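Protein chains in written order, with UniProt numbering: chain A, 1 to 548; chain B, 1 to 548.
The beta carbon of each residue, even a glycine, is placed where N, CA and C say it ideally should be.
Here the structure is a predicted model, which means the values were calculated and not measured.
Data block below; observations after.
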């Protein structure tokens, strides 16, 4: 019966959207603690449509009575309508508006600046790039520099050597040419060597597909695996909304498995089995299991034992293991260590013919945080050669990923070594960033746990905290009156009171009836005390305002 | 009856593919001159699956008996199987194999090198990048250079100024941060100003979506407009296969309209109307008209009068006009001029509320040819604000296009001006490239027209020639015996005899029973005589071998 009500609610939401109306807060939905197999989180997800964003053309935003235009919400692909991406949703649109207001009148609000804690975008908050990486990139961008003697005074000697090495690997030294569809072979060699050094198991450069960040790789795999809504992908809840968005865009079914908040966002095999069986009983063919390790938004780092169980589960159930390992460098606690799923599988004796495994890596995360450069790769193992050729074909349609991103992907997997000119400064920059991130994670976690009605697991890794908000009935009713989810309401109020931008938990999905938000640990250290003060003061007044 | 046979043939092809077998050459298909409404070009399209490409993992390529692996050709998304992209298909895979062989044994074949004329990739064939663009890119890649006095000796003063200007437009000067989902606002301002200067009509930076090349923009619009095979997109035949690939991947129907080879690849409104009506009579909702101007692979430049008729057609029929204008700088004949569709529409009095028009631009083409940098934009006009917000949302899921590509997109739309330090060298580089391309186009066109049984329209613009091959029955029978299309057979033989890589016309679709190939005009001038000699000698011996 419950499931039926939720199904009805979901249909209602979809219909409501199609009619261009604001979402109705479905107050009759029950909020019991145990997670249902298919919850209706989209009923609470924030929509970017409430606010006419800066992307709207000036002469169109006033009215939609442009009846002569051929494209309407009713005629576009409904999969696009269904897709949600709260990390850049309503709250961020409001923040951009407030920022514009502050430019005009710096006293418009009770804060001086907007602090974007919504997205893992380190350099936007002042993190400096790794010097060696940028030196190599500049030399490869303007290769004429390599012929100038003055260059030796401006660049480290190993960056010059590396730039030459990279150029020698590119046919005609042409960094402005399309590369092989999988990326420049020499750069894939460097990536494969880096994987081997990390794992202690062989890696094949022909398994590497260079991508513009991890997201296009995830989309490519979803495109390959999903034919219809009968194809399901097991995804963690809470999840990074790229997964729900990509599954929606490709018309598949997200099969949720719930991480256990009480055990530090534990991933239980019994839960995987339960959800898999439940999905199968509904006629869904589950094609893959997505695992994010370290977790986003949840920040946990999986234990190796747990990873072995996950590998066995995929092997037994015939699932592709989609391993989102973009935070592999971001581990902050001494009792946890990152192990790649490939290393775990190979150490169990599973080879190329035993397990279909795709590992995603990105230059946007780690200590480097080169988000804007859009680079990354996926390592594709355990697919038959004819299926691999299909992946290659799809990669070919898009020609290649950008060469700057490809170069950076090779550099993060083969950074300076002891003895290199840059080595000491590189290590100092890297360690400085990672130890500061660990400190910030700890400070923010402690501050959050001091707030009334807030509990927050530690960030073992990644770049986020995902505290649980225990909200009063009065606060929930206030949200309901504004036709929005309680955590969305809280986050909006937080933004308007403090300028701090976080993402409501409903944007990541969560156990129904629980409320969270995701906050990055990325503001620079000197800003953290003020953020803690503002957050603490806001939270206290919010709790006081809505005390039952 | 004919249509029925073709339909049957197409089904047969699809089934054959699903069974992992090589395509059967359907010899019973008639080859009459007039184009059918829905031809079966895929029966002849080259497949990348014949050759185990370098992307295959070594331990998988020997056998596909990996029965324990979960993903097979039978279980992947059939839309992926259906998609074809001949520009990097079978012929290119063979070429890569030959190139590898030549590395091991330089006497392996009767030629020293592979000459890639398959793809519009100028810098891979020796075209040098524009110095000013690369200077700015290097300075923005490694901003510490801007603080060094030695930099002034290495860079032009306007590149330093421009780099500062760009950095000032990026919040925190962080070129390593994700930007606004549509791209950095200041760079979009520069693009909009460039469009205004080009067209003489206003352009709004909020209409600009920066993209990683034009391809992702085309995919985004297909994703928006296509829900099922009942949604059709009118595409020119011959067409750049990105369109057929993207429509296949999104599950829509390509509604072909045939360009008239006899009138220099003319685009006739009567043909558009005929094909539109025919598609509608089959229950297909035609959503958009794709026009490539200058043409790819056909090289024609549309007359303004013709463009006005196209605009009126879209307006009357309620079609989105998808204007692929990536070759707008590549016009080589004095009697033709590029006019953007937006300029044409605005000059007719059609504004934002009258016509849905998307213009695609790329940094990969023009005189700059920065393919590997993956940059471009689409200018989206004539959509309601709620639909625009959906486009924005989909752009947000991918976070942003790469910043290097964004910077280059702003530079090609706002290059150095008279009086700037770089202006004279910039103009010399630009004019040198464009006049050389014009010369190469003319030389190759004349050489092709001298070949027996070959006719070739002039390349008025773009980067390609698309000659028609009049092949003998004996040659066609030889292709049939090898289970391949006659033009594919010709191109393979050409490659193996000369090392010259071109793309068979069947990869672009063509009037059934006609055979073509696409050859770029991009090899450097000093290579052209040898290419002409080798092509001429090969063609003569091919014609002699297969004389009826």
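Beta-carbon contacts of residue i that lie in its chain and below 6 Å, excluding the five residues immediately before and after
i: residue 422/B; result: 132, 156, 158, 416
i: residue 253/B; result: 229, 232, 284
i: residue 82/B; result: 248
i: residue 476/A; result: 486
i: residue 391/A; result: none
Cross-strand partners of residue i (DSSP beta bridge)
i: residue 211/A; result: 376/A
i: residue 515/B; result: 469/B
i: residue 455/B; result: 468/B
i: residue 423/A; result: BP columns for residue 423/A are empty, so no partner.
i: residue 360/A; result: 324/A, 378/A
i: residue 235/B; result: 256/B
i: residue 288/B; result: 233/B, 320/B
i: residue 131/B; result: BP columns for residue 131/B are empty, so no partner.
i: residue 461/B; result: 331/B
Distance, residue j Cα to residue i Cα
i: residue 535/B; j: residue 519/B; result: 11 Å
i: residue 294/A; j: residue 214/A; result: 15 Å
i: residue 84/B; j: residue 333/B; result: 33 Å
i: residue 545/A; j: residue 471/A; result: 11 Å
i: residue 499/B; j: residue 117/B; result: 10 Å
i: residue 457/A; j: residue 328/A; result: 19 Å
i: residue 508/B; j: residue 221/A; result: 26 Å
i: residue 94/A; j: residue 102/A; result: 12 Å
i: residue 373/B; j: residue 171/B; result: 22 Å
i: residue 240/B; j: residue 296/B; result: 6 Å
i: residue 130/A; j: residue 378/A; result: 23 Å
i: residue 127/A; j: residue 107/A; result: 27 Å
i: residue 91/B; j: residue 492/B; result: 6 Å
i: residue 488/A; j: residue 496/A; result: 12 Å
Min CB distance residue i to chain A below 9 Å
i: residue 129/B; result: yes
i: residue 88/B; result: yes
i: residue 342/B; result: no
i: residue 504/B; result: no
i: residue 76/B; result: yes
i: residue 224/B; result: yes
i: residue 254/B; result: no
i: residue 484/B; result: no
i: residue 145/B; result: yes
i: residue 354/B; result: yes
Cβ shell of residue i (< 8 Å), same chain only, five flanking positions each side left out
i: residue 173/A; result: 143, 167
i: residue 200/A; result: 343
i: residue 325/B; result: 293, 338, 340, 341, 359, 360, 361
i: residue 307/B; result: 293, 339, 341, 344
Close beta carbons around residue i, own chain, < 7 Å, minus the five adjacent residues each side
i: residue 54/B; result: A caution first: residue 54/B carries a pLDDT of 39, below 50, which makes its placement in the model unreliable, though a value can still be read off. Here the set comprises 96.
i: residue 531/A; result: 115, 500, 523
i: residue 574/B; result: Residue 574/B lies beyond the range of chain B shown here (1 to 548); nothing can be said about it.
i: residue 137/A; result: 404, 407, 408
9 Å Cβ cutoff, residue i in contact with chain B
i: residue 469/A; result: no
i: residue 519/A; result: no
i: residue 71/A; result: yes
i: residue 121/A; result: yes
i: residue 278/A; result: no
i: residue 85/A; result: yes
i: residue 261/A; result: no
i: residue 552/A; result: Since the displayed chain A opens at 1 and closes at 548, residue 552/A lies outside it and no answer follows.
Next on the checklist: Give me the subset of the segment 154-183 of chain A whose CB atoms are less than 7 Å from a CB atom of chain B, sorted by chain position.
Outcome noted: 154, 171, 172, 174, 175, 176, 177, 178, 179, 181, 182
Next on the checklist: Short of 8 Å Cβ to Cβ, which residues in the segment 397-429 of chain B face chain A?
Outcome noted: 397, 398, 399, 400, 401, 402, 403, 404, 405
Checklist entry - Which residues, in chain order, does the segment 183-198 of chain A contribute to contact with chain B at a C-beta distance below 7 Å? => result none
Next on the checklist: So if I threshold CB-CB distances at 9 Å, which residues from the segment 209-220 of chain B count as touching chain A?
Outcome noted: 209, 212, 213, 215, 216, 219
Item to check | Contact list for the segment 314-335 of chain B against chain A, Cβ threshold 9 Å | outcome: 314, 315, 317, 318, 319, 320
Checklist entry - According to a CB-to-CB cut-off of less than 9 Å, which residues of the segment 370-389 of chain A neighbour chain B? => result 370, 371, 372, 373, 374, 375, 380, 381, 382, 383, 384, 385, 386, 387, 388, 389
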